[in-house]
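Residue numbers (this note's numbering): 3 to 322. Structure first, then comments.
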């Protein structure tokens, strides 16, 4: 009898959707006038990723940047005629993939106008983009509303030049802990940066023509071959030898002192983040995918708008 009850509960949860706390829950749009929403998001996202797999890293980064400023409210998507919105801030000038979100929104507006938020679209697109390159799946509870405010002055994202103490505070301010910090840093297993962001680390770290001693000397020489002193545009893999595969190799890279940014290398300077790196790189515990999934769910709840807050935008790049 107990087994029957358990099976019935499993079926019920599958039917009504699973709540993760707050006002968000899986399957939200199945019962809110857009049952095909998640299928549409997946199909459009896969179409774009098939043509350009590098968009996976870009879309994941966009979701992260959105959530760290005013929460996961889609405010990073808003354009400003005065170039004073979030997307105009220096750290966001290299964001790309807006066309994926815009296409999804356009299709959804045709199918179920005025129902699906851009914030939910971005959260799902990020997940499905990672899935499309054979990365981990994570549940995306839905029901976010869109923010109406997007200010360049409020963009204060975790910096690639920050030390671990600063990074831990950045994350704690958003309700994320040290494990979330190191796990979400693992997103650097995919994607690229530019020579401009690492030039000082390899050529003039203290102003005396030296390199950062926290970086492997042989790796510094490799980077110098790719990045001449005046080069600010050439791309550099964030996870050398594994930049196109979503895996735990990033932690091997950091452990070997080949983290591209100071924000990567500094994770070795904290007992908690260092321990996690060693678990993945030395002990090969293979928990990264499941840990990443859990931290992404937490990220998706940062300062969300629900209920009567915010709005459902008609176009993701502008308020109604």
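Cβ coordinates follow ideal geometry from the N, Cα and C atoms, glycine included.
- From residue 132 to residue 59, what does the alpha carbon distance come to, in whole angstroms? Locating residue 132 in the chain shown gives position 130, where the first residue counts as 1. Locating residue 59 in the chain shown gives position 57, where the first residue counts as 1. When rounded, the separation of the alpha-carbon atoms in residue 132 and residue 59 is 8 angstroms.
- Message: Less than 8 angstroms between the C-beta atoms of residue 198 and residue 308, yes or no?
- Response: Start at 1 with the first residue of the chain shown, and residue 198 comes out as number 196. Start at 1 with the first residue of the chain shown, and residue 308 comes out as number 306. Not closer than 8 angstroms, so no.
- By the 10 Å Cβ neighbour count, where 16 or more other Cβ atoms means buried, how is residue 275 classified, buried or exposed? Within the chain shown, the letter at position 273 stands for residue 275. Looking at its Cβ environment, which holds 16 or more other Cβ atoms inside 10 Å, residue 275 is buried.
- Item | Bounding residues of the beta strand (DSSP E) (the contiguous stretch that carries residue 151) | Walking along the chain shown from the start, residue 151 turns up at place 149. Per DSSP, residue 151 belongs to no beta strand (DSSP E) and is neither H nor E.
- Item | Start-end ranges of the beta strand (DSSP E) lying completely within the region 102-183, minimum 3 residues | Runs found: none.
- Task: Report the three-state DSSP secondary structure of residue 253 (helix, strand or coil).
- Result: The residue given as residue 253 occupies position 251 in the chain shown. Three-state result, residue 253: helix.
- Nearest CA to the CA of residue 50: which residue from 92, 106 and 65? On the chain shown, position 48 is the one that residue 50 refers to. Nearest to residue 50 by C-alpha distance, out of 92, 106 and 65, is 106.
- Query: Any idea which residues DSSP pairs residue 194 with across the strands?
  - Reply: In the chain shown, the residue the question calls residue 194 occupies position 192. In the DSSP output, where bridge partners are listed per residue, residue 194 has 239.
- Item | Limits of the unbroken alpha helix (DSSP H) element including residue 301 | Along the chain shown, one-based indexing puts residue 301 at 299. Start and end: 290-301.
- Message: Taking its Cβ as the centre, do 16 or more other Cβ atoms sit within 10 Å of residue 186, making it buried, or is it exposed?
- Response: Against the chain shown, residue 186 aligns to sequence position 184. Classification of residue 186: buried, given that the 10 Å Cβ count is 16 or more.
- Roughly how many whole angstroms lie between the Cα atoms of residue 267 and residue 118? Here residue 267 corresponds to residue number 265 of the chain shown, with the count starting at 1. Here residue 118 corresponds to residue number 116 of the chain shown, with the count starting at 1. The alpha-carbon atoms of residue 267 and residue 118 are separated by roughly 40 angstroms.
- Message: Check for me: the alpha helix (DSSP H) holding residue 64 runs from which residue to which?
- Response: Along the chain shown, read from residue 1 onward, the residue named residue 64 stands at position 62. Judged by DSSP secondary structure, residue 64 falls within the alpha helix (DSSP H) whose first and last residues are 57-69.
- With a 10 Å radius around its C-beta and 16 neighbouring C-beta atoms as the bar for buried, classify residue 231 as buried or exposed. In the chain shown, the residue the question calls residue 231 occupies position 229. Exposed is the label assigned to residue 231, since fewer than 16 other Cβ atoms lie within 10 Å of its Cβ.
- Which residues mark the beginning and the end of the alpha helix (DSSP H) in which residue 283 is found? The count along the chain shown starts at 1 and reaches residue 283 at position 281. For residue 283, the enclosing alpha helix (DSSP H) has its first and last residue at 273-283.
- Please go through the same chain and pick out, in chain order, the residues whose beta-carbon is closer than 6 angstroms to the beta-carbon of residue 189, but skip the five residues on each side of it. Counting from one through the chain shown, the residue named residue 189 turns up at place 187. Cβ within range, chain order: 62.
- Item | Given residue 113 as reference, the closest of 214, 40 and 296 once Cα atoms are compared | Counting from 1 along the chain shown, the entry for residue 113 is found at position 111. Selected option, being the one with the closest Cα: 40.
- Query: So residue 220 is in the alpha helix (DSSP H); what residue range does that whole segment cover?
  - Reply: Sequence index remark: in the chain shown, residue 220 carries index 218 (1-based). Where residue 220 is concerned, the enclosing alpha helix (DSSP H) stretches over 219-228.
- Query: Counting Cβ pairs closer than 8 angstroms, one from the region 148-164 and one from the region 80-97, do we hit at least three?
  - Reply: Contact between the region 148-164 and the region 80-97 is present: three or more C-beta pairs spanning the two stretches fall below 8 angstroms.
- Message: In whole angstroms, give me the CA-to-CA distance for residue 12 and residue 237.
- Response: Locating residue 12 in the chain shown gives position 10, where the first residue counts as 1. Locating residue 237 in the chain shown gives position 235, where the first residue counts as 1. Interpretation of residue 12 is limited by its pLDDT of 36, a score under 50 that renders its predicted location unreliable; no figure is taken from the coordinates.
- Message: Quick check: residue 166 and residue 272, are their CB atoms within less than 8 angstroms of each other?
- Response: Translated into positions along the chain shown, residue 166 becomes position 164. Translated into positions along the chain shown, residue 272 becomes position 270. Yes, the Cβ-Cβ distance between residue 166 and residue 272 is below 8 angstroms.
- Message: Tell me which residues share the same chain as residue 293 and place their Cβ nearer than 6 angstroms to its Cβ, disregarding the 5 neighbours each side in the sequence.
- Response: Numbered from 1 along the chain shown, position 291 holds the residue referred to as residue 293. Leaving aside the five residues that flank residue 293 on each side, the residues in its chain whose CB is nearer than 6 angstroms to its CB run, in chain order, 185.
- Message: Using the three-state DSSP reduction, which class does residue 32 fall into: helix, strand or coil?
- Response: Reading the chain shown from its first residue, position 30 is the one you call residue 32. In the structure shown, residue 32 sits in a helix (DSSP, three-state: H, G or I).
- Task: Assign residue 305 to one of three DSSP states: helix, strand, or coil.
- Result: Within the chain shown, residue 305 is the residue found at index 303, counting from 1. Here residue 305 carries a coil assignment [DSSP, helix/strand/coil].
- Item | Residue of 140, 277, 127 and 76 minimising C-alpha distance to residue 317 | The residue labelled residue 317 in the question sits at position 315 within the chain shown. For the residues 140, 277, 127 and 76, the minimum Cα distance to residue 317 belongs to 76.
- Note down the Cα distance separating residue 206 from residue 258, rounded to an integer number of angstroms. Residue numbering aside, residue 206 sits at position 204 when the chain shown is read from its first letter. Residue numbering aside, residue 258 sits at position 256 when the chain shown is read from its first letter. Each residue's alpha carbon lies about 22 angstroms from the other.
- Message: Measuring only the C-alpha atoms, how far is residue 156 from residue 88?
- Response: Indexing the chain shown from 1 puts residue 156 at position 154. Indexing the chain shown from 1 puts residue 88 at position 86. Each residue's Cα considered, the two are about 7 angstroms apart.
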